Amino acid sequence: MPQGTGHCWLLDLHGRPCPRRRRRTQLTAARSIRRRHTRPIVTSDLVVLSNPLMAMINILLPSITILFLLFLPIQSNPVRSTRNRNSSSNTHHCVPHEWDALLAFRASLSDPGNYLSSWQGEGCCQWKGICCSNHTGHVVELRIWSLEDVNSSIRFRGGQMSTPLLDLKNLRTLNLRDNNFGGAPIPEFIGGLKSLRYLYISNSKFGGRVPPQIGNLPRLLYLDLNSIYDDSYIYSTDLAWLSRLTTLKYLDLSKVNLSTVTNWVHVVNKLPSLVTLNLRFCGLQNVIPSPVNVNLTSLEYLDLYEVGNMTLITRLYLNVNNLTGTIPTTFKNLRNLEELLLYGNNINGPVAVLLERLPTENSLQDLTLFENNLSRNLPNQLRHLRNLTSPDLNKNELSGEVPTGISILSKLKELRLGSNNLHGTITENHFAEMASLSFLELFGNSLSMVFQHGWRPPFKLDIAVLHKMEAETMDFSKNCLASSLPKLPENLRSLDHSRNNLSGLLPSELGKTIVDLSENQLHGTFPNCEERNSSRNKNNSSNMVMLNLNANNLSGEFLVFLCKCQKLVFLDLGYNQFSDMLPTWIGDTLPSLSFLSLRSNLFSGHIPLQLAKTKGLQYLDLACNNMSGAIPQPLADLIGMAVAPQDDDSLSDIVDYGYNIVGATDVVAYTGSSLVIMKGQQLEFTSGIMYMVNFDLSCNSLTGHIPKEIGKLPALKNLNLSWNHLSGVIPDSIGEVQSLESLDLSHNEFGGEIPASIAVLTSLEYLNLSYNNLTGRIPSGNQLQTLNGQASIYVGNPGLCGPPLSKNCSEPGLTPPTPKGGKDTGDAIFLFLAMSSGYVMGLWTIFCLFLFNKNWRVACFKFSDCLDDWVYVHVSLSWAFCTRRKQ
5 MPQGTGHCWL
15 LDLHGRPCPR
25 RRRRTQLTAA
35 RSIRRRHTRP
45 IVTSDLVVLS
55 NPLMAMINIL
65 LPSITILFLL
75 FLPIQSNPVR
85 STRNRNSSSN
95 THHCVPHEWD
105 ALLAFRASLS
115 DPGNYLSSWQ
125 GEGCCQWKGI
135 CCSNHTGHVV
145 ELRIWSLEDV
155 NSSIRFRGGQ
165 MSTPLLDLKN
175 LRTLNLRDNN
185 FGGAPIPEFI
195 GGLKSLRYLY
205 ISNSKFGGRV
215 PPQIGNLPRL
225 LYLDLNSIYD
235 DSYIYSTDLA
245 WLSRLTTLKY
255 LDLSKVNLST
265 VTNWVHVVNK
275 LPSLVTLNLR
285 FCGLQNVIPS
295 PVNVNLTSLE
305 YLDLYEVGNM
315 TLITRLYLNV
325 NNLTGTIPTT
335 FKNLRNLEEL
345 LLYGNNINGP
355 VAVLLERLPT
365 ENSLQDLTLF
375 ENNLSRNLPN
385 QLRHLRNLTS
395 PDLNKNELSG
405 EVPTGISILS
415 KLKELRLGSN
425 NLHGTITENH
435 FAEMASLSFL
445 ELFGNSLSMV
455 FQHGWRPPFK
465 LDIAVLHKME
475 AETMDFSKNC
485 LASSLPKLPE
495 NLRSLDHSRN
505 NLSGLLPSEL
515 GKTIVDLSEN
525 QLHGTFPNCE
535 ERNSSRNKNN
545 SSNMVMLNLN
555 ANNLSGEFLV
565 FLCKCQKLVF
575 LDLGYNQFSD
585 MLPTWIGDTL
595 PSLSFLSLRS
605 NLFSGHIPLQ
615 LAKTKGLQYL
625 DLACNNMSGA
635 IPQPLADLIG
645 MAVAPQDDDS
655 LSDIVDYGYN
665 IVGATDVVAY
675 TGSSLVIMKG
685 QQLEFTSGIM
695 YMVNFDLSCN
705 SLTGHIPKEI
715 GKLPALKNLN
725 LSWNHLSGVI
735 PDSIGEVQSL
745 ESLDLSHNEF
755 GGEIPASIAV
765 LTSLEYLNLS
775 YNNLTGRIPS
785 GNQLQTLNGQ
795 ASIYVGNPGL
805 CGPPLSKNCS
815 EPGLTPPTPK
825 GGKDTGDAIF
835 LFLAMSSGYV
845 MGLWTIFCLF
855 LFNKNWRVAC
865 FKFSDCLDDW
875 VYVHVSLSWA
885 FCTRRKQ
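Going by my numbering, 765 is the number at position 761 of the sequence shown; the sequence numbering is gapless.
Put into structure tokens, the structure is as follows:
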């Protein structure tokens, strides 16, 4: 090799690549090397290849160093843990002043059972009943109790406790329960144990007043002072000290005499962390009215066993808890009780037993027991409850017949016995003395109502909820009951007689706020506006917000009866025999309409354009009629189908919470149901109907095409246009209806391609495009692949091809279009983006490594230049060798 050329293959002395002008010298050197059998070339190869190896070592060396440093602490852990064990062994020896305090405490006790025989030596942490901290060696728990010893003769005995216990500054638990301190007072110095968390001194025969110094324990979590199992006498005249224990979670003052305490409700209310409160046998007498803002948000257990001694209490609210069993017999002593609310619990047992334990002084007026588990028959003797005005026994397990003795409750204003297992017959004898009755709920039972013809009840009902009963004969003409639906009382605001067997004609005055007569056998026609105006009845329908006459045999023209109902929100006339055309004034007279169902009638003609004026319409069902013409384009401007329903919508007022009737004291809830043909099946909705956005025009004779403005209704959940004569193409805007769950366009005359936008409907659960004239490739997408019966979705379209059909789009005569935005295109775009982003991130990673690590940068440049020169030399040598052979 010529002198001065070897190092030029690597880097110069400053780490820069050699100039290209030396390549000629290198080529000459290479030729001379060839003549010398390339021995120096092998040497230079080793030099070149060794440099990349060194570069890799430089790269890996920091990582090896870090792993080595991390390994060192692991090796040192055994030494450290050994040291910890040695140090913890020192904690077996007491802190001297704590050792003295414990011995002084032992000296003040009599130990007939030799329970403290282990209290010897300096290792007090090993004494029985003593626990120490593993870190500091301080005593943290003192447990001197003999509950495990059945024989009371070997209990610890003692008088005044030793004050040196104050030296246990780190004491967290003090347990002195089940001992015998001979009536000595509870030591006041306990209030100086500032670290105390748990204090157990129950059943230890202390006596006297509970020291208020206990309130000086800021960290106390558990306080047990009960003396229910011994004959000691502990009392307190003021519980104000309790309010300072803000962290307290458990409080048991059972059998502590609190008969003179009047502020206990307010004091306990200042303990926001309290979980358990036990005040059994405390002699609580009077209760100050509960505070406005109750702070006991954490309370899980409440025991007020002797609540019967609170003879001055007038209102007792224990509703929505987890109370079980039945009420105690001491409730009879609550002679001034006027309101008792126990709803929303698990109170069980015979209802007669509970009613028998109520006070006999006839002061009780409001008794609320709904949503419990009361069972068996109602008692026939209720004389001690004759002042009741509002008993509520809804949603229990009551059975048997309703006794006629209930008629003695002459002051009843409201009677709620709904959703039980009652059966039998309700007659006029049940209501003989109820002159004030205005609200009656008997729904959800197996009751029938049979009254003598001409009987006139003494009451005037405002609200009657009687659905799901077996009513045989009813006449509410002036509150009279007969064989058909009678003339209704003028003051009736809400009427729910759904799901019965009522027959006959509709009365001319249905001027109620809410009327539900669905699923009966009513027949006939509605009166027209002129007949209503000529009526002498002062009642009118201007305040009606809901009318449900679904599933009857009613006939006649459409809604002439409702020509002045501008507040109407809910209208269901489905499954009747109404005929003629839909009136054009419907949008002007019913501007508040949110729910309109006219399914399965005989309506004909065009869908009126004025229907689009009901901007809040979110549910439109005109299916199974004789409607013709085109779908009006203005229907795409319905705001009710463009925005998802909210809880404050008009329909929500009726369906979910009930409609607030002006002048009534109660809210009337919608308890009916609505049938929706959706997802290829018939679904029943109750309160959930308020969230359903439905557009169903199926089973008619509609023509024309789907308006492209359909995309303006993104809140639509069900679109059913099946079994019509619609034609044209399915608009691309269908993909903008993002909430769509069910789409049925079957049995029409649609042509062209299936829009690829259907594949982006992420909420779609049901699709039916069968029996049309669709052609081309079926779009692909993840959502479409999740649908059930994929092949049946497209049956009856001979021009369609591609999966899931067996017909291949490459067959002769088929020129399937390339889908726009299909799965394949999306996958290609995703792959391109992934590769591009990975390439860019890789380059940036290498750039940052070279930017911040000089060694890596120099090594890389060395390797690159060596590789470049190595390739150059070998190519040159090969070229020279080939040229030489040709010569």
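We put the beta carbon where it would ideally sit given N, CA and C, even for glycine.
Computed from a prediction, not measured in an experiment: that's the story for all the values here.
{"Check": "DSSP on residue 849, reduced to helix/strand/coil?", "Outcome": "helix"}
{"Check": "Beta strand (DSSP E) containing residue 319: first to last residue?", "Outcome": "319-321"}
{"Check": "DSSP three-state label for residue 354, please.", "Outcome": "strand"}
{"Check": "May I ask you to verify whether the region 164-180 touches the region 199-209, counting CB pairs closer than 8 Å and requiring at least 3?", "Outcome": "yes"}
{"Check": "Can residue 804 and residue 772 be called in contact, C-beta distance under 9 Å?", "Outcome": "no"}
{"Check": "Determine the contact status of residue 777 and residue 801, defining contact as a CB-CB distance below 9 Å.", "Outcome": "yes"}
{"Check": "Helix, strand or coil for residue 876 per DSSP?", "Outcome": "helix"}
{"Check": "Can you tell me where the alpha helix (DSSP H) with residue 468 in it begins and where it stops?", "Outcome": "From DSSP, residue 468 is part of no alpha helix (DSSP H) but of the beta strand (DSSP E) over 467-469."}
{"Check": "Who are the Cβ neighbours of residue 439 in its own chain at under 8 Å, not counting the five residues just before and after it?", "Outcome": "414, 462, 463"}
{"Check": "Quick one: grab the DSSP three-state call for residue 374.", "Outcome": "coil"}
{"Check": "Where are the alpha helix (DSSP H) runs, 4 residues long or more, that stay fully inside the region 166-239, in chain order?", "Outcome": "none"}
{"Check": "For residue 427, name the three-state secondary structure that DSSP assigns.", "Outcome": "strand"}
{"Check": "Are residue 598 and residue 574 close, meaning C-beta to C-beta below 9 Å?", "Outcome": "yes"}
{"Check": "Give the straight-line distance between the Cα atoms of residue 2 and residue 586, rounded to the nearest whole angstrom.", "Outcome": "Any property of residue 2 remains undetermined from this structure, which presents the chain solely from 5 to 891."}
{"Check": "Using DSSP's beta-bridge definition, name the partner residues of residue 775.", "Outcome": "Per DSSP, none; premise fails for residue 775."}
{"Check": "List the endpoints of the continuous alpha helix (DSSP H) containing residue 593.", "Outcome": "590-593"}
{"Check": "Between the region 626-639 and the region 604-611, do at least 3 Cβ pairs fall closer than 8 Å?", "Outcome": "yes"}
{"Check": "Residue 400 and residue 377: beta carbons closer than 9 Å?", "Outcome": "yes"}
{"Check": "For the candidate residues 547, 677, 557, 889, whose alpha-carbon lies nearest to that of residue 4?", "Outcome": "The structure shown does not extend to residue 4, since the chain is modelled only from 5 to 891, so the question has no answer here."}
{"Check": "Ordered along the chain, which non-local residues of its own chain (more than five positions away) have a Cβ less than 6 Å from that of residue 811?", "Outcome": "805"}
{"Check": "So, for residue 646: in the same chain, excluding its five sequence neighbours on each side, which residues have a beta-carbon less than 7 Å away from its beta-carbon?", "Outcome": "716, 717, 718, 719"}
{"Check": "To the nearest whole angstrom, what separates the beta carbons of residue 315 and residue 339, a pair I think is in contact under 8 Å?", "Outcome": "6 Å"}
{"Check": "Thinking C-alpha only, which one of 762, 602, 325 is nearest residue 552?", "Outcome": "602"}
{"Check": "Name the two residues that bound the continuous beta strand (DSSP E) containing residue 107.", "Outcome": "Note, residue 107: premise wrong, no beta strand (DSSP E); alpha helix (DSSP H) at 100-111."}
{"Check": "Could you work out which residue in 450, 850, 616, 809 is closest to residue 588 when comparing CA atoms only?", "Outcome": "616"}
{"Check": "Quick check on the burial criterion: 16 or more other C-beta atoms within 10 angstroms. Buried or exposed for residue 445?", "Outcome": "buried"}
{"Check": "Could you give the DSSP three-state label for residue 614: helix, strand or coil?", "Outcome": "helix"}
{"Check": "Can the beta-carbon of residue 247 be found closer than 9 Å to that of residue 262?", "Outcome": "no"}
{"Check": "Going by DSSP, what residue range makes up the beta strand (DSSP E) through residue 724?", "Outcome": "722-724"}
{"Check": "Could you tell me which of 628, 648, 630, 631 sits nearest to residue 621, measuring between CA atoms?", "Outcome": "648"}
{"Check": "Just the C-alpha distance for residue 109 and residue 211, rounded to the nearest angstrom, thanks.", "Outcome": "19 Å"}
{"Check": "Tell me which same chain residues have a C-beta within less than 6 Å of the C-beta of residue 196, skipping the five on either side of it?", "Outcome": "170"}
{"Check": "Using three-state DSSP, classify residue 139 as helix, strand or coil.", "Outcome": "coil"}
{"Check": "I'd like to check one pair, residue 402 with residue 389: are the Cβ atoms closer than 9 Å?", "Outcome": "no"}
{"Check": "In whole angstroms, what is the alpha-carbon distance linking residue 623 and residue 780?", "Outcome": "34 Å"}
{"Check": "Select from 116, 729, 322 the residue whose C-alpha is nearest the C-alpha of residue 702.", "Outcome": "729"}
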